[in-house]
Amino acid sequence: MANLTGTSDIDQDPARYVQQCSTILREFNHLSQDSGNVSWLVESNGQRLFVKTAGTSGPPAPGAPVPYLDHAGRVRLLRNAIDLARSCDHHALPALLNVIESPSGPALIYEAATGDLVGVRSEERRNPTSPYQRFAHLPAHVLLGLFDTLVDLHVALAAAGWVAGDLYDGCLIVDFQAPALRVIDLDSYRRGATTNEMGRMFGSTRFMAPEEFELGAELDERTTVFTLGRIIWHFATRLTEKRAEFCGPDGAAEAVERACQPSPADRPASVTDFATSWFAAGRD
């Protein structure tokens, strides 16, 4: 019997299998993103699940953007995502419930995160009803509490050896009712310190560290620290980027400013060091 959480191997296209054993609530393909991956939000046996695949190895659909990685590259990132999920158990990470191997690569079966994706298209960022604006204008104690979760998650990921890559507001899902934060799509994280072999790496320019633009530069926990700092600063200043608008105490603002220094040598040396200063600032 077709089953997304109990099957380990299939000999057919994942899209067809997903259709057979679940109700598709939403599909994420070339119409909504340009990675080349194809994913679905589904309901199966009373559970809401998120299924992620590398898509097909064929040419992109007419009018679709050319993916930035070929099919083999997308499969490598999915296997990296599996490694990350199995190395870190944290409440902010949706649980990876199963991996189904198929002729076109793995299908990752996650629990579905409840809430809204903070990242929206640039033309939607001024819309006051968008998750982007709603997130930035949450009450200060709520917003800072959600950033506590983001920082705590990255302490756990750093302890498992992971350095952030392509972390941006499109990775953040917020349940405004709870409130709660979940973090998704960490496929491009790297295990341990590495070297920038691309020049301009994958990611959102708004949150990337300078070394992510420099061929041959070292990428380590200080890179993670910068991106965490930039995300917090961007939203905690209510999208203004002004110190006077920072919604937390001076100690928290100072910790984030240190995290956002252009030179890695001027930032906290580790995610734990940044977390220590962030949490020590309190919520006065």
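For my numbering, count along the sequence shown from 1 and bump the result up by 205.
Where is the CB? At the ideal position from N, CA and C, for every residue including glycine.
Work out the CA separation of residue j and residue i for me, nearest whole Å.
i	j	result
residue 309	residue 214	11 Å
residue 420	residue 306	35 Å
residue 458	residue 480	13 Å
residue 220	residue 462	45 Å
residue 229	residue 386	24 Å
residue 299	residue 354	13 Å
residue 438	residue 446	7 Å
residue 247	residue 304	15 Å
residue 287	residue 256	13 Å
residue 280	residue 258	8 Å
residue 477	residue 216	44 Å
residue 425	residue 403	15 Å
residue 252	residue 296	18 Å
residue 358	residue 351	11 Å
Can you find the residues in the same chain that come closer than 8 Å, C-beta to C-beta, to residue i, ignoring five residues on each side of it along the sequence?
i	result
residue 335	325, 329
residue 484	353, 356
residue 376	324, 388, 389, 390, 391
residue 223	209, 229, 245, 247, 256, 312
Helix, strand or coil for residue i? Go by DSSP, reduced to three states.
i	result
residue 249	strand
residue 389	coil
residue 351	helix
residue 255	strand
residue 334	coil
residue 284	helix
residue 321	strand
residue 412	coil
Return no unless some Cβ of chain B is closer than 7 Å to the Cβ of residue i.
i	result
residue 447	Of the chains in the structure shown, none is chain B; there is only one protein chain.
Once you ignore the five residues that flank residue i on each side, which residues in its own chain have a CB closer than 7 Å to its CB?
i	result
residue 423	398, 400, 416
residue 339	381
residue 342	443
residue 475	363, 426
Residues in the same chain with beta-carbon distance under 6 Å from residue i, minus the five sequence neighbours each way, listed in chain order, please.
i	result
residue 234	243
residue 347	384
residue 391	289
residue 282	392
residue 293	361, 362, 365
With DSSP as the reference, identify every bridge partner of residue i, one or two as the case may be.
i	result
residue 301	315
residue 431	In DSSP, residue 431 forms no bridge with anything.
residue 244	233, 257
residue 424	399
residue 307	310
residue 228	248
residue 214	306
Please give the ranges of any beta strand (DSSP E) in the region 364 to 410, keeping only runs that are unbroken, at least 3 residues long and fully inside the region. 377 to 380, 385 to 388
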